[in-house]
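Novice: The numbering used here applies: residue 27 is where the sequence shown begins, and numbers increase by one.
Even glycine gets a Cβ: it sits at the ideal position worked out from N, Cα and C.
The structure is given below, and queries will be raised subsequently.
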Amino acid sequence: MTMNPLTRERWARFRAHKRGYWSLWIFSVLFVLSLFAEIIANDKPLLLHFKSGWYFPIVEQYSETQFGGEFEAEADYTDPYVVDLIEADGFMIWPLIRFSYDTINYDLDGPAPSPPDGVNWLGTDDKGRDVLARIIYGFRISVLFGFALTIISTIIGVIVGACQGYYGGRIDLFGQRFIEVWSGMPTLFLLIILSSFVEPNFWWLLGIMVLFSWMGLVGVVRAEFLRCRNFDYVRAAQALGVSDGRIMLRHMLPNAMVASLTMMPFILSGSVTTLTSLDFLGFGLPAGSPSLGELLAQGKTNLQAPWLGLSAFVVLSVMLSLLVFVGEAVRDAFDPHQQR
Numbered sequence: 027m028t029m030n031p032l033t034r035e036r037w038a039r040f041r042a043h044k045r046g047y048w049s050l051w052i053f054s055v056l057f058v059l060s061l062f063a064e065i066i067a068n069d070k071p072l073l074l075h076f077k078s079g080w081y082f083p084i085v086e087q088y089s090e091t092q093f094g095g096e097f098e099a100e101a102d103y104t105d106p107y108v109v110d111l112i113e114a115d116g117f118m119i120w121p122l123i124r125f126s127y128d129t130i131n132y133d134l135d136g137p138a139p140s141p142p143d144g145v146n147w148l149g150t151d152d153k154g155r156d157v158l159a160r161i162i163y164g165f166r167i168s169v170l171f172g173f174a175l176t177i178i179s180t181i182i183g184v185i186v187g188a189c190q191g192y193y194g195g196r197i198d199l200f201g202q203r204f205i206e207v208w209s210g211m212p213t214l215f216l217l218i219i220l221s222s223f224v225e226p227n228f229w230w231l232l233g234i235m236v237l238f239s240w241m242g243l244v245g246v247v248r249a250e251f252l253r254c255r256n257f258d259y260v261r262a263a264q265a266l267g268v269s270d271g272r273i274m275l276r277h278m279l280p281n282a283m284v285a286s287l288t289m290m291p292f293i294l295s296g297s298v299t300t301l302t303s304l305d306f307l308g309f310g311l312p313a314g315s316p317s318l319g320e321l322l323a324q325g326k327t328n329l330q331a332p333w334l335g336l337s338a339f340v341v342l343s344v345m346l347s348l349l350v351f352v353g354e355a356v357r358d359a360f361d362p363h364q365q366r
């Protein structure tokens, strides 16, 4: 599919912004790798050959009795007894990191948290879980949460801003007063209060944050629709009997999407920061979930284990810096005053 000249020019300006262009590539590679976290870090073999059969433990559960054991429960592939049974008549292919985010290493040389070594490359946390595995899974959750919150908030904000700007009058007046009141609500305090009634989880946090995060784009979209609604092509479409929804969607929305797209990377970075902050304070994901904020909290609690705080700090710094650089490149690409 060929791009029109304007899109081609914007893409050229984006590629000319080397820092943002390469940041997009680096962030994309890291995110795609995190999507395959179960293949990279897991306490189950990727592939298992026993006698004449092939088994895939990461996608299917197998009982210990299938490998000559005594229990009907799922086989524990870290148990030396089960390992000896399998390796007597077969072999196992393990992931690069032989720990999942909730796997506890009981063979530590000292008390947890233990420092980095050849087994746990970034050490373990205060419960003996591998830090690198938790970072990989936590990175994925943080980015997916940010993407979901950004997309839903953008859709709601664009719809509300478009309706206010296009119709104006009382809709715009009452809408602005509602936003002024709603934006003054103490989001963190509400989350703390609600967490005492409902156990927080991914979807609960996403729903609560959507209630307060959609207002970021309302102002720019509303201003663009207020500017465009008196243009000749809009009035001509109204005179021809074109429906309001069609005019807003096909003729006015493309102009407003320029401002929306430039703000989305910054909204994404803010969403990741919000989830990390809630996890750090203990009002985020359930206990035991892989979380960068929870890792930061452990670093604060265990000052004698600096690898905990440093690992989370480096990951968050790199992630947010990449997103900010991408946002700057997108902003420059859509800026009509920028020259190649």
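(1) Would you list the one or two residues that DSSP bridges to residue 80?
(2) Entirely within the segment 136-209 and at least 3 residues each: give me those beta strand (DSSP E) ranges in chain order.
(3) Does the distance from the CB of residue 218 to the CB of residue 360 come in under 8 Å?
(4) Can you have a look at residue 211 and say buried or exposed, based on whether 16 or more other CB atoms are within 10 angstroms of its CB?
(5) Evaluate the contact criterion for the segment 91-101 versus the segment 141-158: three or more CB pairs, one atom per stretch, below 8 Å.
(6) Count the other C-beta atoms from every protein chain shown that fall within 10 angstroms of the C-beta of residue 316, then say buried if there are 16 or more, exposed otherwise.
(7) Please classify residue 70 as buried or exposed, where buried requires at least 16 other C-beta atoms within 10 Å of its C-beta.
(8) Just tell me which of 167, 104, 109 and 95 has its CA closest to the CA of residue 59.
(9) What number of angstroms, rounded off, separates the C-alpha of residue 233 from the C-alpha of residue 179?
(10) Suppose you measure from the CA of residue 222 to the CA of residue 231; what does that come to, to the nearest Å?
(11) Can the beta-carbon of residue 127 be found closer than 8 Å to that of residue 159?
(12) Am I right that residue 26 and residue 164 are in contact with their C-beta atoms under 8 Å? What's the rounded C-beta distance?
(13) Going straight from the alpha carbon of residue 285 to that of residue 249, what length do you get?
(14) With 8 Å set as the bound, which would you pick, yes or no: does the beta-carbon of residue 80 sit closer than that to a beta-carbon of chain C?
(15) How far does the alpha helix (DSSP H) with residue 46 in it reach, from first residue to last?
(16) Which of helix, strand or coil does DSSP assign to residue 118?
(17) Tell whether a beta-carbon distance below 8 Å holds between residue 352 and residue 61.
(18) Residues bridged to residue 313 by DSSP?
(19) Quick check: what's the CA-CA separation for residue 177 versus residue 83?
(20) For residue 76, tell me which candidate among 119, 259, 155 and 270 has the shortest Cα-Cα distance.
(21) Could you give the uninterrupted runs of the alpha helix (DSSP H) lying entirely in the segment 207-240, keeping only those of 4 residues or more?
(22) Out of 246, 151, 325 and 40, which one is the CA nearest neighbour of residue 188?
(23) Enumerate in chain order the residues of its own chain whose CB-to-CB distance from residue 35 is below 7 Å, with the five nearest sequence positions on each side excluded.
(24) Please state if the CB of residue 349 and the CB of residue 294 are separated by a distance shorter than 8 Å.
(25) For a quick check, are the C-beta atoms of residue 130 and residue 153 less than 8 Å apart?
(26) Could I get the ranges of all uninterrupted alpha helix (DSSP H) runs contained in the segment 276-313, with 4 residues as the minimum, in chain order?
(27) Looking at residue 241 and residue 205, is the spacing between their C-beta atoms short of 8 Å?
(28) Assuming residue 72 and residue 121 are in contact, meaning their beta carbons sit under 8 Å apart, how far apart are those beta carbons, in whole angstroms?
(29) Please list the terminal residues of the continuous alpha helix (DSSP H) segment that includes residue 360.
Specialist: In short, the structure shows the following:
(1) According to DSSP, residue 80 bridges with 75.
(2) Complete beta strand (DSSP E) runs here, min 3: none at all.
(3) Contact flag unset, no.
(4) Result: exposed.
(5) The segment 91-101 vs the segment 141-158: no contact.
(6) It is buried - the Cβ of residue 316 has at least 16 other Cβ atoms within 10 Å.
(7) Buried, since its Cβ has 16 or more Cβ neighbours within 10 Å.
(8) For residue 59, the nearest C-alpha among the options comes from 167.
(9) So the alpha carbons of these two residues sit roughly 10 Å apart.
(10) One Cα belongs to residue 222, the other to residue 231, and the distance between them is close to 13 Å.
(11) Yes. Within cutoff.
(12) One cannot answer for residue 26 here, as it falls past the ends of the chain, which runs 27 to 366.
(13) Distance between the alpha carbons of residue 285 and residue 249 is about 10 Å.
(14) In summary, chain C is missing from the structure at hand, where a single protein chain is found.
(15) Per DSSP, the continuous alpha helix (DSSP H) segment holding residue 46 begins and ends at 44-61.
(16) Here DSSP, grouped into helix, strand and coil, assigns residue 118 to strand.
(17) Their beta carbons are not under 8 Å apart, which means residue 352 does not touch residue 61 by this criterion.
(18) Residue 313 is not bridged to any residue.
(19) Near 35 Å, if we compare the C-alpha coordinates of residue 83 and residue 177.
(20) Answer by Cα proximity: 119.
(21) Listed in chain order, the complete alpha helix (DSSP H) runs (minimum 4 residues) inside the segment 207-240 are 213-221 and 228-239.
(22) Measuring C-alpha to C-alpha distances from residue 188 to each of 246, 151, 325 and 40 identifies 246 as the nearest.
(23) Counting only residues of its own chain and dropping the five nearest sequence neighbours on each side, residue 35 has no CB closer than 7 Å to any other CB.
(24) A contact, by the Cβ cut-off of 8 Å.
(25) For residue 130 and residue 153, yes; Cβs fall inside 8 Å.
(26) As far as the segment 276-313 is concerned, its whole alpha helix (DSSP H) runs of at least 4 residues are 279-307.
(27) When the beta-carbon positions are compared, residue 205 and residue 241 come within less than 8 Å of each other.
(28) Going by Cβ atoms, the distance from residue 72 to residue 121 rounds to 6 Å, so yes, they are a contact pair.
(29) From DSSP, the alpha helix (DSSP H) with residue 360 extends over 332-360.
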